[in-house]
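Asker:
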Amino acid sequence: MLGTVVNIFRVKDLRDKIIFTVALLVIYRVGFFISVPGFDYEGIVEGTTQSETPLGRAAEMMEMFTGGTLSRSSLFGLGIMPYITSSIILMLLGEVIPALKKLRQEGQTGHKKIQEYTRYLAVLICLIQSIMYMKLLGGQGLTYVGMERQALLMGVVGMTAGTIFLMWLGEQIDEYGIGNGISLIIMAGIVSRMPWAVQTLLHNVDLSIDAPVGSIGPAKILFLVAAFLFVVAGAILITQGQRRIPIQQAKQMRGRRVYGGQRHYLPLKVNHGGVMPIIFASSFMMFPPIILDQLGRFESLQGSSVFQTIQDAFSYRAYTY
């Protein structure tokens with residue numbers, strides 16, 4: 274395996290693509306630490322660490338795919354999710370809208386046009402999500418006094434521009450890098466949380482017999498390792514799994530020889546949709562908790578058992594969610 278890695282870097286063209294891709298991913302990570310102006314950074318960090326607050330719940334849901342940028346209120350806070358959502362929406366609309374279906378059948382020209390529509394829709398989704406998030410920050414009193422409107426405007430423009438820049442980075446990786454730019458950006462955001470997760474795990478580990486409640490003992494460590502291996506193995510199995518439909522090739526007589534007659538298989542993936550449906554559902558499931566938190570400010574809904582039940586049902590940690 275080490276020899277394969279060494280051989281990869283011996284090929285100049287492939288080496289340049291890898292270096293270019295890594296450089297763009299470094300730029301992507303640097304953007305995590307650039308906060309939008311006009312907001313109390315320390316207050317945002319404190320609010321996002323409390324999962325029982327509206328801000329904390331919104332940050333928890335976003336951080337699964339954006340790598341924790343909402344806890345810093347950075348320019349890349351929305352990540353690449355608006356682009357993924359818009360591409361899935363247009364993919365679904367392509368089956369019901371004749372004009373889009375016709376574009377999909379026009380080859381490369383139609384594909385470029387659909388990509389253009391995808392970018393426009395992604396910008397619209399960015400505007401909606403960034404406005405909701407900025408309003409949530411403003412409702413928590415995390416804007417500086419006298420800068421409420423300016424902070425809202427700068428936050429919306431900054432986060433929208435950040436997502437547009439990430440779309441451009443993904444396209445550059447597709448064209449000049451190793452490809453799959455959007456997937457690499459999503460992976461970089463998720464992997465960036467692993468050091469924090471490992472640090473939290475090690476901080477709570479207690480191997481003593483009389484370990485306090487809430488600590489992680491040997492049994493929990495073994496369970497976590499087994500669960501991790503089971504999930505990874507299951508994901509690989511489902512991703513690589515195929516349903517093979519047998520195909521019998523007809524025999525042909527050419528002169529005195531018989532050709533054909535072999536038995537082949539048509540491989541159909543078990544998980545044809547991949548992870549896109551989960552990403553699409555997760556991005557839309559962010560809206561109900563934020564909207565319900567805003568509606569909870571009305572006095573007529575405060576104390577209502579029905580409203581509280583609905584709010585609990587859409588909580589990130591609820592089984593119904």
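Here this note's numbering is used: position 277 in the sequence shown is 550, and no number is missing along the way.
Just so it is clear, CB atoms sit at the ideal spot from N, CA and C, and this is done for glycine as well.
Buried or exposed: which applies to PRO562, given that a residue is buried once 16 or more other Cβ atoms fall within 10 Å of its Cβ?
Answerer: Residue numbering aside, residue 562 sits at position 289 when the sequence shown is read from its first letter. Result: buried.
Asker: Straight-line CA distance for LEU478 to ILE489?
Answerer: Looking up residue 478 in the sequence shown gives position 205. Looking up residue 489 in the sequence shown gives position 216. Per the sequence presented here, residue 478 reads as Val, with Leu not at that position. About 5 Å.
Asker: For ILE398, I'd like the list of residues in its chain whose CB is within less than 7 Å of its CB, leaving aside the five on either flank, ordered along the chain.
Answerer: Numbered from its first residue, the sequence shown carries residue 398 at position 125. Once the five neighbours on either side are set aside, the close Cβ partners of ILE398 are PRO355, THR358 and SER359.
Asker: DSSP state of SER347, grouped into three classes?
Answerer: As a working mapping, residue 347 is identified with position 74 in the sequence shown. SER347 falls in the strand class under three-state DSSP.
Asker: Measure the beta-carbon distance from MET420 to GLY311 and round it to whole angstroms, keeping in mind my assumption that it falls under 8 Å.
Answerer: One-based indexing of the sequence shown puts residue 420 at position 147. One-based indexing of the sequence shown puts residue 311 at position 38. Correct: roughly 5 Å between the Cβ atoms.
Asker: So who's on the other strand from ILE357, going by DSSP bridges?
Answerer: As a first step, residue 357 must be located in the sequence shown, where it is residue number 84. Answer by DSSP bridge pairing: none, since ILE357 is not bridged.
Asker: Span of the alpha helix (DSSP H) holding LEU539?
Answerer: On the sequence shown, position 266 is the one that residue 539 refers to. Taken as a continuous stretch (DSSP letters only), LEU539 belongs to no alpha helix (DSSP H), being part of the beta strand (DSSP E) at 536 to 542.
Asker: Go ahead and label THR473 buried or exposed: buried means 16 or more other beta carbons lie within 10 angstroms of its beta carbon, across all protein chains shown.
Answerer: By one-based count along the sequence shown, residue 473 stands at place 200. With fewer than 16 other Cβ atoms within 10 Å, it is exposed.
Asker: Could you give the first and the last residue of the continuous alpha helix (DSSP H) run that contains TYR575?
Answerer: Within the sequence shown, the letter at position 302 stands for residue 575. Contrary to the premise, residue 575 reads as Gln rather than Tyr in this sequence. It is not in any alpha helix (DSSP H) - GLN575 carries neither H nor E in the DSSP assignment.
Asker: Mind checking who SER308 pairs with in its DSSP beta bridge?
Answerer: As a first step, residue 308 must be located in the sequence shown, where it is residue number 35. Bridge partners of SER308: SER347.
Asker: Whose C-beta lies closer than 8 Å to the C-beta of ILE281 among residues of the same chain, with five residues either side of it excluded?
Answerer: Along the sequence shown, one-based indexing puts residue 281 at 8. Within the same chain, ILE281 has close Cβ partners LEU287, ARG288 and ILE291.
Asker: Mark GLY435 as exposed unless 16 or more other C-beta atoms lie within 10 angstroms of its C-beta, in which case mark it buried.
Answerer: By 1-based counting over the sequence shown, the position of residue 435 is 162. Classification of GLY435: buried, given that the 10 Å Cβ count is 16 or more.
Asker: Using CA coordinates, which residue listed in VAL284, LYS285 and LEU297 is at the minimum distance from LEU219?
Answerer: Not covered by the structure: residue 219. The range shown for the chain is 274 to 594.
Asker: Strictly by DSSP, which residues pair up with THR416?
Answerer: The residue you call residue 416 lines up with position 143 of the sequence shown. PHE312, per the DSSP bridge assignment.
Asker: To which residues does DSSP link PRO519 through a beta bridge?
Answerer: Along the sequence shown, read from residue 1 onward, the residue named residue 519 stands at position 246. Answer by DSSP bridge pairing, in chain order: TYR538.
Asker: Check the C-beta distance from SER347 over to ILE307 and give it rounded, since I have them as a contact under 8 Å.
Answerer: On the sequence shown, position 74 is the one that residue 347 refers to. On the sequence shown, position 34 is the one that residue 307 refers to. Contact holds; Cβ gap of about 6 Å.
Asker: So what does DSSP say about ILE387, is it helix, strand or coil?
Answerer: As a first step, residue 387 must be located in the sequence shown, where it is residue number 114. Note: ILE387 maps to helix in three-state DSSP.
Asker: Is GLN581 helix, strand or coil when you go by DSSP?
Answerer: Working through the sequence shown from its first residue, we reach residue 581 at position 308. The answer is helix: DSSP assigns GLN581 an H, G or I state.
Asker: Could you please give me the residues that DSSP links to VAL478 through a beta bridge?
Answerer: On the sequence shown, residue 478 is found 205 positions in, with the first residue counted as 1. According to DSSP, which records beta bridges pairwise, VAL478 is partnered with ILE489.
Asker: Should the stretch 383 to 391 be regarded as contacting the stretch 573 to 590, the criterion being three or more beta carbon pairs within less than 8 Å?
Answerer: At 8 Å Cβ cutoff, the stretches do not touch.
Asker: Measure the C-alpha to C-alpha separation of LEU541 and ALA508 and round it to an integer number of angstroms.
Answerer: Position 268 of the sequence shown, counted from the first residue, corresponds to residue 541. Position 235 of the sequence shown, counted from the first residue, corresponds to residue 508. Approximately 17 Å between the Cα atoms of the pair.
Asker: Below 8 Å on the Cβ atoms is my contact criterion, and I expect ILE459 with ILE353 to pass it. Report the Cβ-Cβ distance as a whole number of Å.
Answerer: Against the sequence shown, residue 459 aligns to sequence position 186. Against the sequence shown, residue 353 aligns to sequence position 80. Their Cβ separation, rounded to whole angstroms, is 6 Å, which keeps ILE459 and ILE353 in contact under 8 Å.
Asker: If we ignore side chains and look at the alpha-carbon of each, how far apart do PHE553 and LEU565 end up?
Answerer: For this step, residue 553 is matched to residue 280 along the sequence shown. For this step, residue 565 is matched to residue 292 along the sequence shown. Going by the C-alpha atoms only, they are around 20 Å apart.
Asker: Report the option in ARG422, LEU439, GLU368 and LEU409 whose CA atom is closest to the CA atom of ARG396.
Answerer: Along the sequence shown, one-based indexing puts residue 396 at 123. Before going further, note that residue 396 is Val rather than Arg in the sequence given. Of the candidates ARG422, LEU439, GLU368 and LEU409, the one whose C-alpha sits nearest the C-alpha of VAL396 is LEU439.
Asker: Who are the near neighbours of THR391 in its chain, counting only those whose CB is closer than 8 Å to its CB and skipping five residues on each side?
Answerer: Taking the sequence shown and counting its residues from 1, the one referred to as residue 391 is at position 118. Around THR391: TYR356, SER359, SER360 and LEU363.
Asker: Assuming the contact rule is C-beta atoms closer than 8 Å, SER294 and GLY450 should be a hit. Round their C-beta distance to whole Å, please.
Answerer: In the sequence shown, residue 294 corresponds to position 21, counting from 1. In the sequence shown, residue 450 corresponds to position 177, counting from 1. The sequence shown places Thr at residue 294, rather than the Ser named in the question. Yes, they are in contact, since the Cβ atoms of THR294 and GLY450 sit about 4 Å apart, within 8 Å.
Asker: Have a look at VAL464 and TYR406 and give me their C-alpha separation to the nearest angstrom.
Answerer: Counting from one through the sequence shown, the residue named residue 464 turns up at place 191. Counting from one through the sequence shown, the residue named residue 406 turns up at place 133. If I take the Cα positions, the gap works out to 24 Å.
Asker: Please list the terminal residues of the continuous alpha helix (DSSP H) segment that includes VAL369.
Answerer: Translated into positions along the sequence shown, residue 369 becomes position 96. That residue, VAL369, is in no alpha helix (DSSP H); it is neither H nor E in DSSP.
Asker: Would you kindly work out how many angstroms separate the C-alpha atoms of GLN381 and GLY367, rounded to a whole number?
Answerer: Position 108 of the sequence shown, counting from 1, holds the residue named residue 381. Position 94 of the sequence shown, counting from 1, holds the residue named residue 367. GLN381 and GLY367: Cα-Cα distance of roughly 16 Å.
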